[in-house]
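Numbered by our numbering, the letters in the sequence shown go through residues 1 to 661 in order.
For every residue, glycine included, the Cβ atom is placed at its ideal position computed from N, Cα and C.
Here the structure is laid out as structure tokens; the discussion comes afterwards.
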Amino acid sequence: MPAHIALIALDIPLAEPFDYLAGPLTNADIGCRVLVPFGRGHRTGVLIGFRSDSALMAEQLKPTDDKLDEVPILHQETIELLQFASQYYQQPVGQMLFAALPNLLRKPRKPNLPRRRKAVTLPAAAPPLPLTTEQEAAYTDIMSRLGRFQPFLLHGITGSGKTEVYLHLIEQVMARQGQVLMLVPEIRLTPQLSARLTERFPQHRIAISHSDISAARRMHDWLAAGRGDAAIVLGTRLAVFTPMPRLQLIIVDEEHDASFQQQDGLRYSARDLAVFRGRQRQCPVILGSATPALESWFNARNGKYQLLQMRQRAHVDAQLPQVNLIDLRGQSLRNDISPLLIAAIRKNLQRGEQSLLFINRRGYAPTLYCADCGWIAGCSRCSSKLVLHKAAHELRCHHCGLTRPLPSVCPDCASHALNPAGAGTQRLESTLEQLFPDAHILRIDSDTAGSPRQWQRMRDAILTGEANLLIGTQLLSKGHDFPNLTLVGVVGADNALYSTDFRANERLFSQLIQVGGRAGRAGQPGQVLIQTAWPQHPLFQAISQHDYASYAEQMLSEREMAGFPPYQFMVAIRAEAEQLELALQFLQRIRNLAPADAEITVFDPVAESMLRKSNRERALLLAQAKSRAQLHAWLSTWLTKLSGIHDRNVRWKIDVDPQQL
Ligand code: ADP
Ligand code: ZN
Ligand code: ZN
């Protein structure tokens with residue numbers, strides 16, 4: 001019997017696609033949207049394949065209704081990529097697929113195709129910069145692999161000119177009528193990149209894919225990429241799924257960035273999927289960073305990725321900044337800023353140069369505490385502290401969104417001695433205002449620079465030199481080029497060293513190198529001052545020597561001894577319930593069903609380090625193994641045993657390659 005069952009992916013949390021009678025649908029329709037009867041109504045689905053028999057009885061099978069697209073909006077290759085992602089991350093295939101689609105295509109409407117663009121006279125393309133010797137070497141190696149699968153780790157120090165290497169490669173791909181997919185962590189913060197692409201390739205259409213793009217534009221760009229009309233696709237993690245029939249090169253810039261890992265809802269790593277896609281398509285994949293993720297560094301060391309290094313700054317007279325540590329032990333601080341750092345800022349202001357105070361705020365937000373009884377403002381729904389928002393006169397929970405008015409006296413002892421604890425950007429700002437009343441201070445964090453327009457305005461003030469004293473969080477550590485910035489001061493760095501997450505050191509290391517790399521990018525030399533009570537710590541020592549590799553090696557040997565990734569692969573099952581006990585019991589129950597396997601370590605269920613979130617308590621069950629393949633095979637067996645398990649008090653999910661522990 002010929003294949004007559006159509007497999008339809010629906011946006012429904014079930015692992016498998018749904019069976020319908022294929023009717024007139026043929027292979028040419030794979031990737032088209034169809035309307036199907038579902039329950040009492042209708043739903044939009046996507047035809048992803050056929051098969052010849054179904055577990056359903058013939059009379060249960062329904063025909064599909066309308067076909068919504070003339071030409072497929074997803075190609076066979078994209079469907080396979082989505083199926084792989086769904087299987088690898090154990091996420092329902094239909095949900096994965098619909099998450100990848102632009103919003104407007106999720107609805108049962110036929111796309112109205114954009115009007116043809118009028119022919120306009122194109123501006124002349126900006127000329128490419130001649131490459132430095134190091135850039136040339138990297139470029140030549142990658143060029144020699146066009147048309148084949150090869151992942152590259154391009155480890156270039158900050159300012160080494162990775163972007164220029166990408167641009168030269170893109171030019172070659174354009175000359176071969178190819179398409180390039182370029183993934184960046186946060187596109188709204190790097191408008192200079194899309195500007196540079198437009199300048200260099202005015203004759204090519206550049207599709208942009210990220211959350212700030214209008215729904216209509218996103219759909220048109222997606223379709224244009226799928227028709228092969230958009231030569232370049234620039235976007236954030238979701239863009240990894242964009243259909244591109246002429247794809248010849250994939251670039252993941254700032255590949256270490258945690259934004260490539262989707263945490264909420266559907267979980268996947270866009271960086272890892274980009275490498276899968278490169279193999280599927282047989283094209284090179286470039287992972288670029290000044291501070292590669294340890295996983296990537298490990299893969300380069302063991303030959304899975306080819307390592308390309310650029311050790312010098314590209315700009316003729318740009319040097320790496322000098323890094324000095326300020327020993328905090330025994331110092332009297334003025335609201336977290338040491339006298340040495342204050343003096344350095346003062347000098348820099350007098351010289352008319354720009355300074356940046358970087359605060360590592362992760363897990364270290366300013367809260368309110370009582371100096372008399374020690375009360376700390378905690379969230380009543382989560383096990384986290386409430387964060388002080390001075391301007392709004394509020395305390396806010398950054399995990400669940402709870403807000404409370406600022407208390408005027410201590411809720412426990414009625415004392416008036418309520419003080420802010422911990423340095424936040426706002427408190428740093430008011431300290432600096434007192435210290436430097438004449439400075440033009442700009443605070444850049446997600447509160448003040450959340451929207452692209454706000455950020456644009458701030459960026460202008462930085463570039464024109466109008467602002468001379470900047471305060472920023474990790475937002476500012478990403479890939480920016482500020483020519484007037486010559487001093488970077490770092491406060492609060494030590495907090496990461498106290499974290500319970502085994503990745504905290506790696507994150508701090510990479511953040512400090514990145515933020516330090518903002519200093520002295522043009523002519524003037526830059527300086528980085530890091531305040532710490534642990535000046536001997538190898539992490540700080542490596543940073544002051546600009547030595548990524550030696551500390552990366554040290555972290556790797558620590559991971560190896562502890563049996564952590566990348567030496568072991570992990571999956572986590574996360575459960576939440578009203579009480580921790582229920583979540584733990586549930587995890588214990590499914591742990592008992594885990595197949596026995598000498599190669600797999602299954603740990604006891606534990607409470608998550610952030611126990612409560614939005615009034616639910618959370619627990620975690622971790623399994624790990626040396627072999628990814630074995631772990632995944634074991635996981636599948638386990639999950640089939642869990643299919644009947646249900647507990648109405650508990651919500652649970654699978655987290656493959658968990659990033660936050
Ligand atoms: P990265 O992304 O590696 O941090 P960028 O690509 O932003 O570095 O380049 C840093 C600076 O060096 C930029 O101002 C860029 O214009 C300049 N630059 C890059 N390549 C060259 C080159 N070949 N010749 C001169 N200047 C260059
Ligand atoms: Zn009190
Ligand atoms: Zn909360």
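Residue environment, E429, which counts as buried when at least 16 other CB atoms sit within 10 Å: buried
heavy atom of ligand 1 below 8 Å from D317 C-beta: no
Same chain only: Cβ atoms within 6 Å of P92, ignoring 5 sequence neighbours per side: Residues P13, L14, A15 of the same chain have their beta carbon placed closer than 6 Å to that of P92, with the five preceding and five following residues left out of the count.
Q135 Cβ short of 8 Å to ligand 1 heavy atom set: yes
Check: P130 C-beta below 8 Å from any heavy atom of ligand 1: yes
Where the beta strand (DSSP E) containing Y369 begins and where it ends: 367-370
Residue closest to P111, alpha-carbon to alpha-carbon, out of L21, C32, E506, D460: C32
Contact belief for N335 with T431 at Cβ below 8 Å, rounded distance in angstroms: 4 Å
Residues of its chain near L325, where Cβ-Cβ distance is below 7 Å and the 5 sequence neighbours each way are ignored: I530, T532, P535, F540, S544
With 16 other Cβ atoms within 10 Å as the buried cut-off, status of F260: With 16 or more other Cβ atoms within 10 Å, it is buried.
Option nearest R43 by Cα separation, candidates S52, G563, K62: K62
Classification of F358 by the beta-carbon crowding that lies within 10 angstroms, buried from 16 upward: Flag for F358 reads buried.
C-beta atoms of A504 and R574 nearer than 9 Å: no
Classification of S355 by the beta-carbon crowding that lies within 10 angstroms, buried from 16 upward: The residue is buried, with at least 16 neighbouring Cβ atoms inside 10 Å.
Continuous alpha helix (DSSP H) assignments of at least 4 residues falling wholly in the stretch 13-46: none
Rounded straight-line distance, which links the Cα of C397 to that of P420: 15 Å
G644 beta carbon near ligand 1 (any heavy atom closer than 8 Å): no
F358 - partner residues in DSSP beta bridges: G472, V490
CA nearest to the CA of D460, picked from T473, S446, Q474, D481: D481
Neighbourhood of L661 by C-beta distance below 6 Å, restricted to the same chain and skipping five residues each side: Only D501 meet the Cβ criterion.
Cβ pair N299, V490 closer than 9 Å: no
Helix, strand or coil at A447 [DSSP, three-state]: It is Asp, not Ala, that sits at residue 447 in the sequence shown. Of the three classes helix, strand and coil, the one that applies to D447 here is coil, per DSSP.
Unbroken alpha helix (DSSP H) run spanning V606, endpoints: For V606, there is no enclosing alpha helix (DSSP H); the enclosing beta strand (DSSP E) has its first and last residue at 606-613.
Heavy atom of ligand 1 within 8 Å of R217 beta-carbon: no
Contact belief for I232 with I170 at Cβ below 8 Å, rounded distance in angstroms: 7 Å
Cutoff 9 Å: L146 Cβ touching any chain B Cβ: Judged by its chain identifiers, the structure shown contains no chain B, having just a single protein chain.
Whole-Å CB distance - P30 paired with Q76, under 8 Å assumed: Note that residue 30 corresponds to Ile in the displayed sequence, not to Pro. Their Cβ separation, rounded to whole angstroms, is 6 Å, which keeps I30 and Q76 in contact under 8 Å.
Segment limits, alpha helix (DSSP H) that includes G516: 504-516
N-terminal and C-terminal residue of the alpha helix (DSSP H) that M458 is part of: 452-463
With 16 other Cβ atoms within 10 Å as the buried cut-off, status of P339: exposed
Reduced DSSP category for K347 - H, G, I as helix; E, B as strand; rest coil: helix
For S451 and A314, believed in contact at Cβ under 8 Å, the rounded distance: Going by Cβ atoms, the distance from A314 to S451 rounds to 32 Å, so no, they are not a contact pair.
Ligand 1 heavy atom lying under 8 Å from the CB of S54: No - ligand 1 has no heavy atom lying nearer than 8 Å to the Cβ of S54.
Inter-residue spacing [alpha-carbon to alpha-carbon] between K626 and V602: 13 Å
Q659 (DSSP reduced to helix, strand or coil): coil
Buried versus exposed call for A22 [16 or more other C-beta atoms within 10 Å across all chains shown]: buried
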